[in-house]
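The letter at position 35 of the sequence shown is residue 40 when you use our numbering, and the numbering goes up by one with no holes.
Ideal Cβ placement from N, Cα and C applies to all residues, glycine included.
Here the structure is a predicted model, which means the values were calculated and not measured.
This report concerns only the one structure given below.
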Amino acid sequence: MVFKTTGNKSNPVILFFHTMGVTGESSMPIAEKMAEKYYCIMPTSTVYCSGQRYQSKRDEIQQIVRFLGNYGIKEIELIVASSIGADLAMAFLTEIKIPVKHVFLMAGSLHRLERQHAESWFRSYI
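Okay, here's the thing in C-alpha coordinates:
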(Lines of atoms letter the chains of each structure in order from A and count residues from 1; the text may use other names and numbers.)
(Lines give C-alpha, C1' and ligand atoms only; values in the text may rest on other atoms or scores of the structure.)
Protein backbone atom coordinates (compact mmCIF):
# COMPACT_ATOMS: atom_id res chain seq x y z
CA MET A 1 0.00 0.00 0.00
CA VAL A 2 0.88 3.61 -0.40
CA PHE A 3 -0.46 6.09 2.14
CA LYS A 4 -1.13 9.75 1.40
CA THR A 5 -1.98 12.02 4.30
CA THR A 6 -2.88 15.61 4.90
CA GLY A 7 -3.60 17.62 8.02
CA ASN A 8 -2.23 17.67 11.55
CA LYS A 9 -1.58 14.27 13.16
CA SER A 10 -2.96 15.53 16.47
CA ASN A 11 -6.41 16.19 14.93
CA PRO A 12 -9.22 13.61 14.70
CA VAL A 13 -8.62 11.02 11.97
CA ILE A 14 -10.61 10.46 8.79
CA LEU A 15 -9.74 7.25 6.95
CA PHE A 16 -10.73 7.07 3.28
CA PHE A 17 -11.14 3.82 1.30
CA HIS A 18 -11.05 4.46 -2.45
CA THR A 19 -13.28 3.07 -5.15
CA MET A 20 -12.24 0.73 -7.96
CA GLY A 21 -10.05 2.14 -10.71
CA VAL A 22 -8.55 5.03 -8.75
CA THR A 23 -6.03 5.53 -5.97
CA GLY A 24 -6.33 6.89 -2.45
CA GLU A 25 -5.20 10.23 -3.79
CA SER A 26 -8.63 10.54 -5.47
CA SER A 27 -9.91 11.72 -2.06
CA MET A 28 -7.33 14.51 -1.86
CA PRO A 29 -9.63 17.35 -3.04
CA ILE A 30 -11.99 16.65 -0.12
CA ALA A 31 -9.19 15.85 2.33
CA GLU A 32 -7.42 19.14 1.60
CA LYS A 33 -10.58 21.05 2.53
CA MET A 34 -10.81 19.09 5.79
CA ALA A 35 -7.09 19.22 6.64
CA GLU A 36 -7.41 22.18 8.98
CA LYS A 37 -9.61 20.20 11.41
CA TYR A 38 -8.76 16.56 10.60
CA TYR A 39 -5.86 14.26 9.85
CA CYS A 40 -6.87 12.55 6.62
CA ILE A 41 -5.41 9.18 5.63
CA MET A 42 -5.84 7.89 2.10
CA PRO A 43 -4.37 4.43 1.54
CA THR A 44 -4.06 3.05 -1.97
CA SER A 45 -4.71 -0.67 -2.31
CA THR A 46 -1.71 -2.75 -3.36
CA VAL A 47 -3.65 -3.64 -6.53
CA TYR A 48 -2.91 -0.11 -7.75
CA CYS A 49 0.67 0.19 -6.43
CA SER A 50 3.52 -0.37 -8.83
CA GLY A 51 5.85 -3.12 -7.65
CA GLN A 52 3.40 -4.42 -5.05
CA ARG A 53 1.25 -7.50 -5.22
CA TYR A 54 -2.22 -7.91 -3.75
CA GLN A 55 -2.33 -10.77 -1.24
CA SER A 56 -5.74 -10.60 0.46
CA LYS A 57 -8.20 -8.34 2.25
CA ARG A 58 -6.65 -9.43 5.52
CA ASP A 59 -3.21 -8.32 4.31
CA GLU A 60 -4.63 -4.95 3.22
CA ILE A 61 -6.24 -4.51 6.65
CA GLN A 62 -3.03 -5.47 8.43
CA GLN A 63 -1.10 -2.89 6.42
CA ILE A 64 -3.57 -0.19 7.46
CA VAL A 65 -3.48 -1.29 11.10
CA ARG A 66 0.35 -1.18 11.04
CA PHE A 67 0.26 2.31 9.55
CA LEU A 68 -2.17 3.50 12.23
CA GLY A 69 -0.06 1.89 14.96
CA ASN A 70 3.14 3.46 13.64
CA TYR A 71 1.51 6.88 13.91
CA GLY A 72 0.01 6.22 17.35
CA ILE A 73 -3.57 6.46 16.10
CA LYS A 74 -5.90 4.94 18.68
CA GLU A 75 -9.26 6.22 17.42
CA ILE A 76 -10.86 7.05 14.08
CA GLU A 77 -13.39 9.84 13.86
CA LEU A 78 -14.78 8.87 10.46
CA ILE A 79 -14.37 6.20 7.80
CA VAL A 80 -15.47 7.17 4.29
CA ALA A 81 -15.71 4.44 1.66
CA SER A 82 -17.45 3.63 -1.58
CA SER A 83 -17.71 0.80 -4.09
CA ILE A 84 -15.01 -1.83 -3.57
CA GLY A 85 -13.58 0.42 -0.85
CA ALA A 86 -16.78 -0.12 1.15
CA ASP A 87 -16.14 -3.85 1.02
CA LEU A 88 -12.62 -3.37 2.41
CA ALA A 89 -13.93 -0.89 4.99
CA MET A 90 -16.48 -3.44 6.23
CA ALA A 91 -13.76 -6.06 6.59
CA PHE A 92 -11.60 -3.49 8.38
CA LEU A 93 -14.42 -2.57 10.77
CA THR A 94 -15.17 -6.18 11.67
CA GLU A 95 -11.54 -7.11 12.34
CA ILE A 96 -9.98 -4.12 14.11
CA LYS A 97 -10.03 -3.13 17.75
CA ILE A 98 -9.65 0.61 17.13
CA PRO A 99 -12.76 2.63 18.06
CA VAL A 100 -14.51 4.23 15.09
CA LYS A 101 -17.02 7.00 15.83
CA HIS A 102 -18.69 7.41 12.42
CA VAL A 103 -18.89 5.47 9.17
CA PHE A 104 -20.10 6.61 5.75
CA LEU A 105 -20.37 3.78 3.22
CA MET A 106 -21.66 4.05 -0.31
CA ALA A 107 -22.15 0.33 -0.58
CA GLY A 108 -24.45 -0.09 -3.56
CA SER A 109 -21.94 -2.36 -5.27
CA LEU A 110 -21.54 -4.82 -2.42
CA HIS A 111 -22.56 -8.37 -3.19
CA ARG A 112 -25.73 -9.68 -1.54
CA LEU A 113 -23.88 -11.49 1.27
CA GLU A 114 -21.66 -8.48 1.91
CA ARG A 115 -24.76 -6.24 2.08
CA GLN A 116 -26.30 -8.61 4.63
CA HIS A 117 -23.07 -8.44 6.63
CA ALA A 118 -23.12 -4.62 6.42
CA GLU A 119 -26.77 -4.49 7.52
CA SER A 120 -25.99 -6.80 10.43
CA TRP A 121 -23.04 -4.65 11.44
CA PHE A 122 -25.15 -1.47 11.34
CA ARG A 123 -27.88 -3.07 13.47
CA SER A 124 -25.24 -4.11 16.01
CA TYR A 125 -23.26 -0.89 16.21
CA ILE A 126 -25.60 1.94 15.34
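The region 30-48 touching the region 6-19, judged by at least three CB pairs closer than 8 Å: yes
Backbone secondary structure at Lys38 - three-state DSSP: helix
Beta strand (DSSP E) segment containing Lys106, residue limits: Val105 to Met111
Nearest neighbour of Ser87, chosen from Gln67, Leu20, Asn16 and Arg58 [CA to CA]: Leu20
Counted within 10 angstroms of its Cβ, other Cβ atoms place Gly77 as buried (16 or more) or exposed: exposed
Same chain, Cβ closer than 8 Å to Ile101, neighbours up to 5 away in sequence not counted: Ile66 and Val70
Helix, strand or coil at Glu82 [DSSP, three-state]: strand
Beta-bridge pairing of Ser87 - partner residues as DSSP gives them: Met111
Proximity below 9 Å, CB of Met111 to CB of Ala96: no
Close-in-space but distant-in-sequence residues of the same chain around Leu93 (CB under 8 Å, 5 per side omitted): Phe22, Ser50, Lys62, Glu65, Ile66 and Ala86
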